[in-house]
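Using the working numbering, read the sequence shown as starting at 125 and increasing by one per residue.
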Amino acid sequence: MNIIVCDDNTLVCESLVCDIKNIDATINIITFKSCFAVYEYLNDNGNDIQIDAILMDIEFPHDLNGIDYSHEIFKKFPNIKILFISGFMEKYVEDMFLGMPNFKPYAILKKPIDLNKLKTHIDNLKTDHSIKSKENILTFNAKNGTIFVELERIQYIYSFQRKVTIVTYDGEYTGYNKISNLMKELKSLSNRFYNCHKSYIVNVDAITKIPSNENFVYIGTTGIPLSIINGTSVSHKRKDIIKLRSLNHSEGGASSEY
């Protein structure tokens, strides 16, 4: 599990790191002294490193406050849990809950932080992380043995001559399977995957372009074919993909040339 601690007071940061490590030494902790630095870090690395939670101070010198930056983080990374920490909690309660629709802090911790309450919240985060990990992992029998692939890392899957290849942001994994079997399993885990062709499954969140005049969608420069399956037309498949992306609350990404 990966946690960010953000507080402009170095002693508070060091103390929190020590307290969290005493609760669970396996937790990876990244510290920042500026909420703007957290925002920049996530923009640069948020798609490569899964951050589970941020312990965010509220008052910072020369910055928007931690609540404002948490709202911006939530827009792009809605799955990251925000735990506010402050010595002036009463002053900001209204801003926390009324500042942005759909945003709610995971927890509120008042300084000085009660260690028992901190442990409760860390234990809850660990439970959530464990459940999420099980729900977001595809088990795949590749040539070199069983691998466990995070769903969000998958770009697309294709079959060729009885072999199936999973293409991820990190590399490719090939094994013997059927597209239909994988689609059934993926459908039980997530709604982000779409059987766009009899030999292809695409992660709709990875798509970067949906032309209206081609039988392809694109991930970067790679064209993923669309074909009629069970009577579903190519134009209908385009609409299905756009709808799925919308349901998944994807930010940016695919452009449609309708």
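From the three backbone atoms N, C-alpha and C, an ideal C-beta is built for every residue, glycine too.
{"query": "Where the beta strand (DSSP E) containing Asp143 begins and where it ends", "result": "First-last for Asp143: 134 to 147, but that is the alpha helix (DSSP H), not the beta strand (DSSP E)."}
{"query": "Under 8 Å between C-beta atoms of Asn327 and Phe317", "result": "yes"}
{"query": "Sequence-distant residues of its chain with Cβ nearer than 6 Å to Cys137 (five each side left out)", "result": "Val129, Asp131, Thr155"}
{"query": "Inter-residue Cα distance where the pair is Lys250 and Asp148", "result": "9 Å"}
{"query": "Secondary structure of Asn248, DSSP reduced to three states", "result": "helix"}
{"query": "Length of the line joining the Cα atoms of Tyr297 and Thr289", "result": "5 Å"}
{"query": "Three-state class that DSSP yields for Phe201 in the structure shown", "result": "coil"}
{"query": "Option in Phe198, Tyr342, Leu140, Lys215 with minimal Cα separation from Pro236", "result": "Leu140"}
{"query": "Rounded C-alpha distance that separates Asn167 from Tyr282", "result": "30 Å"}
{"query": "Cβ-Cβ distance between Cys320 and Ile348 below 8 Å", "result": "yes"}
{"query": "Environment of Lys267 [buried if 16+ CB atoms lie within 10 Å]", "result": "exposed"}
{"query": "Helix, strand or coil at Glu381 according to DSSP, with G and I counted as helix", "result": "In this prediction, Glu381 scores a pLDDT of 48, lower than 50, which makes its location untrustworthy; the coordinate-derived value is nonetheless stated afterwards. In the structure shown, Glu381 sits in coil (DSSP, three-state: anything other than H, G, I, E or B)."}
{"query": "Reduced DSSP secondary structure (H/G/I, E/B, other) of Ile151", "result": "coil"}
{"query": "Nearest neighbour of Ser336, chosen from Asp238, Arg362, Phe184, Thr356 [CA to CA]", "result": "Arg362"}
{"query": "Per-residue burial, His245 [other beta carbons within 10 Å of its own, 16 or more giving buried]", "result": "buried"}
{"query": "Cβ-Cβ distance between Met180 and Ile206 below 8 Å", "result": "yes"}
{"query": "Selected residue, minimal CA-CA separation from Leu135, among Lys145, Asn152, Lys157, Asn146", "result": "Lys157"}
{"query": "Span of the beta strand (DSSP E), counted from its first residue to its last, around Val328", "result": "Where Val328 is concerned, there is no enclosing beta strand (DSSP E), given that its DSSP letter is neither H nor E."}
{"query": "CA-to-CA distance, Leu242 to Met125, given in whole angstroms", "result": "16 Å"}
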